[in-house]
């Protein structure tokens, strides 16, 4: 898997006009992540909860000996959480470090040309578009292209845990 | 190869045939580097002796002598192998003659051969004259008088070599020229007619030059190499009586050796390359030149000793040579550590030549490799330091404390130079490697070598030394160096690998880490197999699995052991530290080190170095009293700091002990109170009081010097050590000294862990932290104000932690129905309530990654037998979290009461309004009433959110 992806990567580097995206569904909406960021797709597995984490961090899993965090994207986006099904997948993305994201279903890999991508439209207050890199128009459909680094910006996470830590330390005496 | 095969048939072969073969082989040109024929001949000698039976006595003796000679040459034990080999053809031929039945008289030849082996060879008579019928080529050159023969031979050989071209790359050629020079010097003398002294002088100078070139000690290599053919031609001329004017060339050679940059000799030599630009000259350094001003280190004060200036040149590092460079960096660092250690010893025994010798060797190695890798600054710096040491070793200079200090300073510069090379390799910025300036140091070292007092530094001018003396002094080290190196090429080339080849190999740590990771996987997989229920059903399978388990454990231990290093290196650094700190503080402190061989994981060693530095510095700076004070209280003026490492079970204990003032618990408590860290009426045990010095904040403002002041950064030390899953323990006796014990796990990668179940989750608790596990009886449980549960264990009260609630994964568990693990958390004990102990297992620790770094109570993750991830509990964090939760619970109670009072207020308001409405319509508007209540509620809310 990794080698195939690496090959894709080199090919894509030379062709800036066109990028490959892995598309997946989340509560009926269609999203895409640039394939360069994706390491592999695994089925759902037992997740070990980690305390003091924001609710969207479901915990950690064992990816062939590596312990990686798993984020529930529905929860992260403030969507209603759903029962995990056979279709539920963990997409392992590389955002500096490997992280799993839980999505409803994985769809396909699409070539999206840069002229097919619109900038994210202003959606008004209440909708955070900072982690949307663009809207990809593929035929009739619109795919929401995610800037996954932004989505999984872990400095936020550390801050949360850090707060808990200072809380704890502050009351030690 | 063929020799070996032949030897098997040899038993049957006629020995006379062997003698024939021997003579034939001996007649061919022999070289000591070509061991094949020599080895074959040696074997034949053996065979001949075995098969020939009783030959006459002289013949046998000759055979034995030849065999011995070959053996010595093969083993590299012959002092002058080339001249030894010259006897071989004669001997072989004589043997052949003898074998044919003729009478031989080998005594003379045997004597000569034996003499050659003990280097008593008298060349005066030429080679192998005894038999008179040898085919030796060397004898053919016989036009000059007999006494000149070796000289003319050597000169002819040298001329041939020089004509073939000399270059830095051809070390073999240089070495041969070196040998030729030695021969000439050996055959001539400083006394005698002009011709002899001329030859002696030129050859001597050339000898030094060539050895300088071989060792890359000559700064101006171009001129150096240009001078070789010049000197060689001159030698021939002098030998043939054409000229006796040698001083000019000798002076030039000497100048080059001394490092001066020369203008080329007047007559244009074909090989002569344009000279290296004069440092002062206009050629500006490249824009990125590392040393901003490659000017001679300073404009010399008038009266200082005149030495050759040194200019550091832009260092271009060939990154293709990365492997060699990395090897050099690693090795140089080790050597520098060794040097520091030896230097400290030399400081104690400044006249002990052995100790200086020990110091000399690592310098020499660094110098050799640095030269090989074209690291000129490092090369020169080490060379100059070495020169001084060499003079110390020879007794021509006394190693004074000033010199030691100077060399220490040079070591510091060397370290930064080596670091610069490492940094450049890690991140090549610009065309050249930035080098810390060293020119000044080189010049200072040169001055000291030339007789200037080291204390004079580079500012104060000492009494002028006559220039001639200086010249002589400056040239001697080179000469001495040259004469001490027996096989300079071999040494220079091999120095890099010699030490490590036999005992160890260097492995990239990433490879080791990968191995340890993989072994970790193996351990996990093995555990999974072990837990498979079918294993119990099949006896054979069970036995095999047990066997595999054992092997896996061995592999694991072996892979762990590979990462282990003795802690001695780190301890060594402390010696230097103690020396520096004690000097600065005006104390005499001796560091006594033991247990240097104790092995610890490399990662741990790296991370423990800084805390150790801190603690040792504290011990010297604050622990040990000033000498006067010590004498006042009847202690010896010299303070002692002891550093010890040893194993205790699966832990390593590092102990820092001093015989200083000790910690005063009362003062510590007083200060703790003053800083508001403890209540004024709090009763602290002495141990708890010592623990205060490691509390953050205790130290930062620790300007109050009436306390021993050890607080400086101790919180950092504590944090570092806890980061290594270790703990620190302090003991002290007022007036007698203190002991700091650092207890560390052997490795960071694998621990013994107890797997426990809490609700649906499983956690791991490092076994070393568990004091006991028990199922408490209700009488052992005490609650405090319904809020805190306490467990009474062996007369001690410790808080009970509901880990499930704390981690938000489950409800409260009744400890009397479950199990309590009593664990050590920092200085405190606590009980952790768990549902079940599942079992003990070797745990490969996995990092949770950056984003989980700040989690309290969890130090990492482990992959359990079923492939799931289990979190590793970290008691200190758990307790901290527990305490904060307790406060939260308290807050919740306050919030609840506030909410209740709000509610009450609201009800009251409503009632009031109702009442008001009832009483009079419109007189008191309803919402106005509300307003009077609301500010109150808001106030309450504000308080509650605090």
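Protein chains in written order, with the working numbering: chain W, 520 to 692; chain A, 59 to 1004.
The C-beta atom is built at its ideal place from N, Cα and C for all residues, glycine as well.
Query	Result
Using a Cβ-Cβ distance cut-off of 8 Å, determine whether residue 571 of chain W contacts chain C.	Among the protein chains of the structure shown, namely W and A, there is no chain C.
Where does residue 665 of chain A sit, in a helix, a strand or coil, going by DSSP?	helix
Alpha carbon to alpha carbon, how far is residue 691 of chain A from residue 662 of chain A?	39 Å
Please report the distance separating the alpha-carbon of residue 665 of chain W from that of residue 913 of chain A.	28 Å
Using 10 angstroms around the beta-carbon of residue 442 of chain A, count the other beta-carbons present and answer buried if the total reaches 16, otherwise exposed.	buried
How is the alpha helix (DSSP H) around residue 874 of chain A delimited, first residue to last?	Where residue 874 of chain A is concerned, there is no enclosing alpha helix (DSSP H), given that its DSSP letter is neither H nor E.
Tell me where the alpha helix (DSSP H) around residue 382 of chain A begins and ends.	380-406
Helix or strand or just coil, what does DSSP make of residue 569 of chain W?	coil
In this structure, does DSSP put residue 200 of chain A in helix, strand or coil?	Residue placement at residue 200 of chain A cannot be trusted, given a pLDDT of 38 that sits under 50; what the coordinates show is reported in the next sentence. Three-state result, residue 200 of chain A: coil.
Can you give me the Cβ contacts of residue 212 of chain A inside the same chain, cut-off strictly under 6 Å, excluding the 5 residues immediately before and after it?	238, 241 and 242
Heavy atom of the ligand ZN less than 7 Å from the Cβ of residue 897 of chain A, yes or no?	Judged by which ligands are present, the structure shown has none, so any question about the ligand ZN falls away.
Determine which residues of the region 914-926 of chain A have a Cβ less than 9 Å from any Cβ of chain W, and write them out in chain order.	914, 915, 916, 918, 919, 920, 921, 922, 924, 925 and 926
Quick one: which residues of the region 599-628 of chain W get their C-beta closer than 7 Å to a C-beta of chain A? List them in chain order.	616
Let me make sure I understand the geometry here. Which of A:900, A:281, A:256 and A:143 has the alpha-carbon closest to that of residue 299 of chain A?	A:256
For the region 545-609 of chain W, which segments carrying the alpha helix (DSSP H) assignment without a break, of at least 4 residues, lie completely within its bounds, in sequence order?	592-595
Using a C-beta cutoff of 8 Å, does residue 589 of chain W count as contacting chain A?	no
Counting C-beta neighbours from all protein chains within 10 Å, is the total for residue 422 of chain A 16 or more, i.e. buried, or is it exposed?	buried
Would you tell me roughly how many angstroms separate the C-alpha atoms of residue 639 of chain W and residue 711 of chain A, rounded to the nearest one?	60 Å
Can you find a CB in chain W that lies within less than 8 Å of the CB of residue 356 of chain A?	Low per-residue confidence applies at residue 356 of chain A: pLDDT is 40, beneath 50, and the placement is therefore not dependable enough to give any value.
Roughly how many whole angstroms lie between the Cα atoms of residue 800 of chain A and residue 428 of chain A?	39 Å
At which residue ranges does the region 662-717 of chain A contain complete beta strand (DSSP E) runs of 3 or more residues, listed in the order of the chain?	697-706 and 709-716
So the alpha helix (DSSP H) residue 129 of chain A belongs to, where does it begin and stop?	115-132
Indicate whether at least one CB of chain W lies closer than 8 Å to the CB of residue 571 of chain A.	no
Along chain A, which residues have their Cβ under 8 Å away from the Cβ of residue 648 of chain W?	Correct list: empty, because the minimum Cβ distance to chain A is about 23 Å.
Going along chain W, which residues have a C-beta under 9 Å from residue 866 of chain A?	568, 570 and 571
Under 8 Å Cβ-Cβ, which residues of chain W neighbour residue 928 of chain A?	567
Given a cut-off of 8 Å, decide if residue 502 of chain A and residue 464 of chain A are closer than it, judged by their beta-carbon atoms.	yes
On a CA-only basis, which of W:544, W:567, W:562 and W:559 is nearest residue 928 of chain A? Give me that one, please.	W:567
Determine the direct distance from the alpha carbon of residue 89 of chain A to that of residue 139 of chain A, and round the result to whole angstroms.	9 Å
List the residues that DSSP assigns as beta-bridge partners of residue 660 of chain W.	W:657
Is DSSP giving residue 904 of chain A helix, strand or coil here?	strand
If you measure from the beta carbon of residue 862 of chain A to each beta carbon in chain W, is any gap under 8 Å?	no
Find out if the Cβ-Cβ distance for the pair residue 483 of chain A, residue 383 of chain A is shorter than 8 Å.	yes
Identify, in the order they occur along the chain, each residue of the same chain with its Cβ nearer than 8 Å to the Cβ of residue 841 of chain A, setting aside the five sequence neighbours on each side.	847 and 848
DSSP puts residue 931 of chain A in a beta bridge; with which residues?	A:916
Excluding five sequence neighbours on each side, which residues of the same chain lie with their C-beta closer than 8 Å to the C-beta of residue 120 of chain A?	149, 152, 153, 156, 162, 164, 167 and 168
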